[in-house]
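Counting with the UniProt record's numbering, you get residues 1 to 371 for the letters of the sequence shown. Where is the CB? At the ideal position from N, CA and C, for every residue including glycine. Bear in mind that the values here come from a model prediction, so they are computed numbers and not experimental data. Single-structure report; data block below.
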Amino acid sequence: MADSLSSLSKLTSWIGSYWLPTSQERLQDAESKILQRIQKPWEGNFVKVGKNVEIWTLKVNTQEASGETPLVLVHGFISGVCWWVQSFDVLSEKRTVYAFDLPGFGRSSRPEFSSTPEEAEDEFVQYIEEWRKAVGLEKFILLGHSLGGYLVTAYALKYPDRVHHLILSDPWGFSILPYGAVDRHPDSPFSYNQLPKWLHLGNYFTNTLNFLTPVRLLGPLGPYAVSLARFDPNKKDSALWKEGAVFEYIYHCNAQTPTGENAFRNMNFLLGWAKHPMIKRAREIDPKMRISIMYGSWTFLDHRTAYELKCIRPELSVDVYIVKDAGHDIHVDNAGKFNEIMADILCKCARDVDDEDWMAIETIDEPSQGD
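As structure tokens, then:
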């Protein structure tokens with residue numbers, strides 16, 4: 001009887017590994033192929049932030065840094081630490097750079113999150129704070145992309161004394177649905193429940209399944225589907241993308257238990273918007289905190305939010321960049337320009353300029369006519 005159960009277990013395991021060809025080992029292998037491009041000395045380790053939660057963390061420029069404020073990178077939805085590979089060397093030129101996989105994503109633990117948007121958001125924020133304590137950082141520059149931009153802003157709202165400068169790269173979750181159904185004034189209360197019923201019906205259909213459920217349902221065809229969906233040789237680093245490791249990495253990041261994806265499903269409305277939009281809370285951000293925000297010129301997100309943020313914040317505290325030849329993934333689509341902008345921002349941070357200097361060197365890179 002025991003032998004029969006053992007054989008059945010092995011058969012079930014084999015069928016599962018065939019239908020969903022992923023594992024932590026395969027994810028690690030795909031990640032290693034990408035991270036070998038980093039020239040600076042680096043190390044990776046799991047940082048324990050709870051009883052059963054570990055956060056996979058990279059530390060780039062492990063040699064003695066020049067004393068500059070550390071930079072922490074937080075990735076967006078679907079991705080992980082490898083998404084920054086084209087920027088690690090530039091960003092770590094004069095400082096230590098940290099990047100980690102958010103809980104529920106990449107190689108980090110995959111804890112369950114609350115089904116309530118506000119609670120799920122706060123759980124992410126607390127994981128980031130526990131990570132900070134475990135790593136031993138007192139104050140740092142915080143950069144978030146996409147979902148990461150939303151979460152680092154939530155972190156800055158709760159722990160302003162820890163953030164030296166907030167940088168947002170094509171942040172998700174800031175704007176309000178542009179249907180005229182709600183009052184967009186920053187002082188007006190907002191609840192996604194006040195939106196029209198037909199929008200809620202649309203949200204029901206878009207969020208019945210997780211965004212990447214189809215990839216997992218495709219079984220062994222999932223990796224191929226990912227390569228079709230993400231490959232754009234005209235906009236990506238062709239050497240990096242044609243290696244195939246990027247597609248493997250994206251697939252293995254998202255083919256495993258989707259607890260982070262579940263949290264995103266509960267936090268989003270019609271995928272492109274947050275149920276608890278960040279622009280409505282912008283006034284609550286510490287007025288002394290400097291913010292840099294960039295959007296790709298052909299992003300699917302509403303970049304006008306950056307200017308809304310600039311209007312409702314105190315003067316001189318928001319720097320806006322619209323990056324040409326880039327979509328949502330600015331640091332992938334136009335890594336050269338992204339790194340140039342980041343070098344400028346980090347230079348300002350290092351000089352600790354006053355407000356007048358900040359205004360004088362502000363750069364807004366607008367798309368030209370016809371873009």
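Please state if the CB of residue j and the CB of residue i are separated by a distance shorter than 8 Å.
i: Arg107; j: Gln24; result: yes
i: Ala99; j: Glu248; result: no
i: Ile176; j: Ile141; result: no
i: Lys94; j: Glu68; result: yes
i: Val323; j: Lys310; result: no
i: Pro160; j: Asp344; result: no
i: Leu73; j: Trp84; result: yes
i: Glu130; j: Val49; result: yes
i: Val60; j: Glu54; result: no
Count the other CB atoms within 10 Å of the CB of residue i; is the residue buried (16 or more) or exposed (fewer)?
i: Gly222; result: buried
i: Lys133; result: exposed
i: Pro277; result: buried
i: Phe88; result: buried
i: Arg216; result: buried
i: Arg265; result: buried
i: Ser317; result: buried
i: Lys139; result: exposed
i: Thr305; result: buried
i: Pro336; result: Checking the displayed sequence, the identity of residue 336 turns out to be Gly instead of Pro. By the 10 Å Cβ count, Gly336 comes out exposed.
i: residue 382; result: Residue 382 lies beyond the residue range present for the chain, which begins at 1 and ends at 371; the question has no answer from this structure.
i: Ser32; result: exposed
i: Glu315; result: exposed
i: Tyr224; result: exposed
i: Ser115; result: exposed
i: Ser13; result: With a pLDDT of only 42 at Ser13, under the threshold of 50, the placement of this residue in the model should not be trusted, and no figure is reported.
Roughly how many whole angstroms lie between the Cα atoms of residue i and residue j?
i: Thr62; j: Glu123; result: 29 Å
i: Phe174; j: His303; result: 10 Å
i: Pro220; j: Ser227; result: 13 Å
i: Gly136; j: Asn45; result: 14 Å
i: Ala245; j: Glu112; result: 28 Å
i: Asn52; j: Leu71; result: 26 Å
i: Lys275; j: Ala154; result: 14 Å
i: Cys253; j: Tyr295; result: 25 Å
i: Cys347; j: Leu157; result: 24 Å
i: Leu91; j: Val97; result: 7 Å
i: Gly148; j: Met267; result: 13 Å
i: Cys349; j: Tyr150; result: 21 Å
i: Leu218; j: Ile312; result: 46 Å
i: Ile341; j: His331; result: 10 Å
i: Gln28; j: Glu121; result: 27 Å
i: Pro214; j: Trp42; result: 35 Å
i: Ile279; j: Leu212; result: 27 Å
i: Gln86; j: Ile128; result: 24 Å
i: Leu58; j: Ile34; result: 13 Å
i: Ser109; j: Glu284; result: 31 Å
i: Ile38; j: Val125; result: 28 Å
i: Ile250; j: Arg162; result: 31 Å
i: Pro233; j: Leu20; result: Residue confidence for Pro233 is low, a pLDDT of 45 falling below 50, so the modelled location carries little weight; the figure read from the coordinates is stated next. Roughly 27 Å between the two C-alpha positions.
Using only alpha-carbon positions, find the residue among the options that is nearest to residue i.
i: Tyr307; options: Asp170, Ala156, Leu218; result: Asp170
i: Asp325; options: Asn334, Ser317, Asp319; result: Asn334
i: Phe300; options: Val163, Asp286, Gly327; result: Gly327
i: Trp273; options: Ile250, Pro117, Cys82; result: Pro117
i: Asp101; options: Asn339, Arg281, Glu43, Cys82; result: Cys82
i: Ala282; options: Ile250, Val152, Glu43; result: Val152
i: Phe338; options: His145, Ile34, Leu218, Val163; result: His145
i: His164; options: Leu143, Leu147, Tyr150; result: Leu143
i: Arg26; options: Ser109, Gln256, Tyr127, Asp329; result: Gln256
i: Arg298; options: Phe269, Asp329, Glu284; result: Note that residue 298 is Trp in the sequence shown here, rather than Arg. Among Phe269, Asp329, Glu284, the Cα nearest to that of Trp298 is on Asp329.
i: Trp172; options: Arg162, Phe269, Val125; result: Phe269
Just checking residue i against the ligand ATP - is the residue's beta carbon closer than 7 Å to any of the ligand's heavy atoms?
i: Asp302; result: Ligands in the displayed structure: none, and consequently the ligand ATP is not present.
| task | Say whether the segment 289-296 touches the segment 260-277, bearing in mind that this needs 3 or more beta-carbon pairs closer than 8 Å, one atom from each stretch. | result | Touching, no.
| Touch test, the segment 77-90 against the segment 101-115, Cβ-Cβ under 8 Å, three pairs minimum | Yes, they touch.
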